[in-house]
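Novice:
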Amino acid sequence: MADVNRGNRPLSPHLTIYRPQLTSMSSILTRITGNALLLGALLVVWWFLAAATSPEYYAYANGWITSWFGDLVMTLSLWALWYHGFAGLRHLYWDTGRGLEIEMAERLGVAVIVGSVVMTVLTLLMI
Amino acid sequence: MAYLTDLKRAVGMGSARDGTEHHWAMTKSSAALLILIPLFIFTFGPMLGRPHAEVVAFYGNPFPAVITALTLVVGFMHFKGGVQALLEDYVHGLTRKILILLTICFSYGAAAAGLFAIAKIAL
Numbered sequence: 528m529a530d531v532n533r534g535n536r537p538l539s540p541h542l543t544i545y546r547p548q549l550t551s552m553s554s555i556l557t558r559i560t561g562n563a564l565l566l567g568a569l570l571v572v573w574w575f576l577a578a579a580t581s582p583e584y585y586a587y588a589n590g591w592i593t594s595w596f597g598d599l600v601m602t603l604s605l606w607a608l609w610y611h612g613f614a615g616l617r618h619l620y621w622d623t624g625r626g627l628e629i630e631m632a633e634r635l636g637v638a639v640i641v642g643s644v645v646m647t648v649l650t651l652l653m654i
Numbered sequence: 003m004a005y006l007t008d009l010k011r012a013v014g015m016g017s018a019r020d021g022t023e024h025h026w027a028m029t030k031s032s033a034a035l036l037i038l039i040p041l042f043i044f045t046f047g048p049m050l051g052r053p054h055a056e057v058v059a060f061y062g063n064p065f066p067a068v069i070t071a072l073t074l075v076v077g078f079m080h081f082k083g084g085v086q087a088l089l090e091d092y093v094h095g096l097t098r099k100i101l102i103l104l105t106i107c108f109s110y111g112a113a114a115a116g117l118f119a120i121a122k123i124a125l
């Protein structure tokens, strides 16, 4: 508290000077997937609004969301949901003070990536 | 500046009694979404692409309708908190405030639109 060296202290890490690591990349990807899910979420809301409006408008929205572009967005959103979910689970685990050793953190990172891909494929096969 | 005491510098900067609400709110909503999202995926997923009549009949059931309503509300509130943290990290000053306000309006708007739709379909 007694330091008066304000304004000349170390700044938060400059991401560009760091070699990409599993821990940092899996963390950044959590934020990216969470924010990118906006697009998929809005399409889902649109789909429900269309279903509530009329069969004709539903056919239009449903056709759009099940087009190749809609399929691409929904498939990536599905993966983003699983990824963000597993990464969130990792955060809840970290919040208990466990799993913070570098080796364990990296193993959890691999688990999040592999788990999200596996669950995405399984989900696509099931629905 | 060098003459400021530690107390003088700390006064008005907030007490340690609060400041964790945001983190706790995200923790609560994330725990809820761990349950809601899989339920939503496996109710919404099979319905995507189905005929209108089938979709309306399916969401007339209480379970998928309630799951959808809860997922949209909790999901968009979680989204609101997450985007706010992103903006607080990367955007500064008045722009930050305006973007946070827009995020809040947008999140409530999207959640309300979804709730209206699911209510209209279900009832």
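In order, the protein sequences belong to chains X and F. Residue numbering for the first sequence follows the working numbering, beginning at 528 and increasing consecutively. Residue numbering for the second sequence follows the working numbering, beginning at 3 and increasing consecutively. Cβ atoms here follow ideal geometry from the backbone N, Cα and C, with glycine treated the same way.
(1) Looking at the unbroken alpha helix (DSSP H) that takes in P93/F, where does it start and where does it end?
(2) Measuring only between beta-carbons, confirm whether K1/F sits less than 8 angstroms from chain X.
(3) Whole angstroms are fine: how far does the CA of W591/X sit from the CA of A578/X?
(4) Check whether chain F comes within 8 angstroms of Y620/X, counting only Cβ atoms and requiring the distance to be less than that.
(5) Using a Cβ-Cβ cut-off of 8 angstroms, state whether P582/X counts as contacting chain F.
(6) Could you compute how far the alpha carbon of L576/X sits from the alpha carbon of T647/X?
(7) Considering only C-alpha positions, which residue in the set S553/X, Y587/X, S581/X and L569/X is nearest to H618/X?
(8) Listing by chain order, which chain X residues have their CB less than 9 angstroms from the CB of L89/F?
(9) Would you check if there are 3 or more beta carbon pairs closer than 8 angstroms linking the region 52 to 59 of chain F to the region 76 to 85 of chain F?
(10) Threshold first: 3 residues or longer. Then list the beta strand (DSSP E) segments lying entirely within the region 535 to 581 of chain X, N to C.
(11) Taking Cβ positions only, does L50/F come closer than 8 angstroms to chain C?
(12) Within the chosen definition, does the region 41 to 49 of chain F reach the region 558 to 568 of chain X through at least 3 CB pairs nearer than 8 angstroms?
(13) Show which residues of chain X have a CB atom less than 9 angstroms away from the CB atom of I43/F.
(14) Within 8 angstroms (strictly less), CB to CB, does V85/F reach chain X?
(15) Which chain F residues sit within Cβ distance under 8 angstroms of Y545/X?
(16) Let me see if you follow: with CB-CB separation under 8 angstroms, is L36/F close to chain X or not?
(17) Whole-angstrom Cβ separation of G626/X and L635/X, contact assumed at under 8 angstroms?
(18) Out of F108/F, I123/F and G14/F, point me to the one whose CA is closest to P66/F's CA.
(19) Using the Cα positions of Y584/X and V571/X, report the straight-line distance between them to the nearest angstrom.
(20) Can you tell me whether P52/F is helix, strand or coil according to DSSP?
(21) Could you tell me which chain X residues have their CB closer than 7 angstroms to the CB of K122/F, listed as they occur along the chain?
(22) Report the neighbours of N589/X on chain F: residues whose CB is nearer than 7 angstroms to its CB, in chain order.
(23) Looking at A113/F and L74/F, is the spacing between their C-beta atoms short of 8 angstroms?
(24) What whole-angstrom Cβ distance do L89/F and R98/F have, given they're in contact under 8 angstroms?
(25) Any idea if H611/X is buried or exposed, counting beta-carbon neighbours within 10 angstroms, 16 or more meaning buried?
Specialist: Walking through what the data contain:
(1) Along the second sequence, one-based indexing puts residue 93/F at 91. The question names Pro, yet the displayed sequence has Val at residue 93/F. Run containing V93/F: none; DSSP gives neither H nor E here.
(2) Since the first residue of chain F shown is 3 and the last is 125, residue 1/F is not available in this structure.
(3) Here the question's residue 578/X lines up with position 51 in the first sequence. Here the question's residue 591/X lines up with position 64 in the first sequence. Each residue's alpha carbon lies about 13 angstroms from the other.
(4) Sequence index remark: in the first sequence, residue 620/X carries index 93 (1-based). So no, Y620/X is outside the interface.
(5) Taking the first sequence and counting its residues from 1, the one referred to as residue 582/X is at position 55. Yes, its Cβ sits closer than 8 angstroms to a Cβ of chain F.
(6) Counting from 1 along the first sequence, the entry for residue 576/X is found at position 49. Counting from 1 along the first sequence, the entry for residue 647/X is found at position 120. About 26 angstroms.
(7) The residue you call residue 618/X lines up with position 91 of the first sequence. It is S553/X.
(8) Along the second sequence, read from residue 1 onward, the residue named residue 89/F stands at position 87. Neighbours of L89/F on chain X: none; closest Cβ ~10 angstroms, over 9 angstroms.
(9) no
(10) none
(11) Annotation note: the requested chain C is absent from the structure, which comprises protein chains X and F.
(12) no
(13) Position 41 of the second sequence, counting from 1, holds the residue named residue 43/F. L605, L608, W609, T650 and I654, listed in chain order.
(14) Your numbering for residue 85/F matches position 83 in the second sequence. Yes, because at least one Cβ of chain X sits closer than 8 angstroms to the Cβ of V85/F.
(15) As a position in the first sequence, residue 545/X is number 18, starting the count at 1. Per Cβ cutoff of 8 angstroms: no residues; Y545/X is ~16 angstroms from chain F at best.
(16) Position 34 of the second sequence, counted from the first residue, corresponds to residue 36/F. Cβ-Cβ to chain X under 8 angstroms: yes for L36/F.
(17) By one-based count along the first sequence, residue 626/X stands at place 99. By one-based count along the first sequence, residue 635/X stands at place 108. That pair is a contact at about 6 angstroms.
(18) As a working note, residue 66/F is residue 64 in the second sequence. Closest option to P66/F, Cα to Cα, is I123/F.
(19) The residue labelled residue 584/X in the question sits at position 57 within the first sequence. The residue labelled residue 571/X in the question sits at position 44 within the first sequence. Using only the alpha carbons, I get a separation of about 14 angstroms.
(20) Here residue 52/F corresponds to residue number 50 of the second sequence, with the count starting at 1. The amino acid at residue 52/F is misidentified as Pro; the sequence shows Arg. Reduced to three states, the DSSP call for R52/F is coil.
(21) Taking the first residue of the second sequence as position 1, residue 122/F is located at position 120. The answer, in chain order, is A579.
(22) Taking the first residue of the first sequence as position 1, residue 589/X is located at position 62. By Cβ distance, chain F contributes G51.
(23) Indexing the second sequence from 1 puts residue 74/F at position 72. Indexing the second sequence from 1 puts residue 113/F at position 111. Taking 8 angstroms as the Cβ cut-off, L74/F and A113/F qualify as a contacting pair.
(24) The sequence position of residue 89/F within the second sequence is 87, counting from 1. The sequence position of residue 98/F within the second sequence is 96, counting from 1. Indeed, because the Cβ distance is near 5 angstroms, the residues count as touching under 8 angstroms.
(25) Locating residue 611/X in the first sequence gives position 84, counting from the first residue. Answer is buried; the Cβ neighbour count reaches 16.
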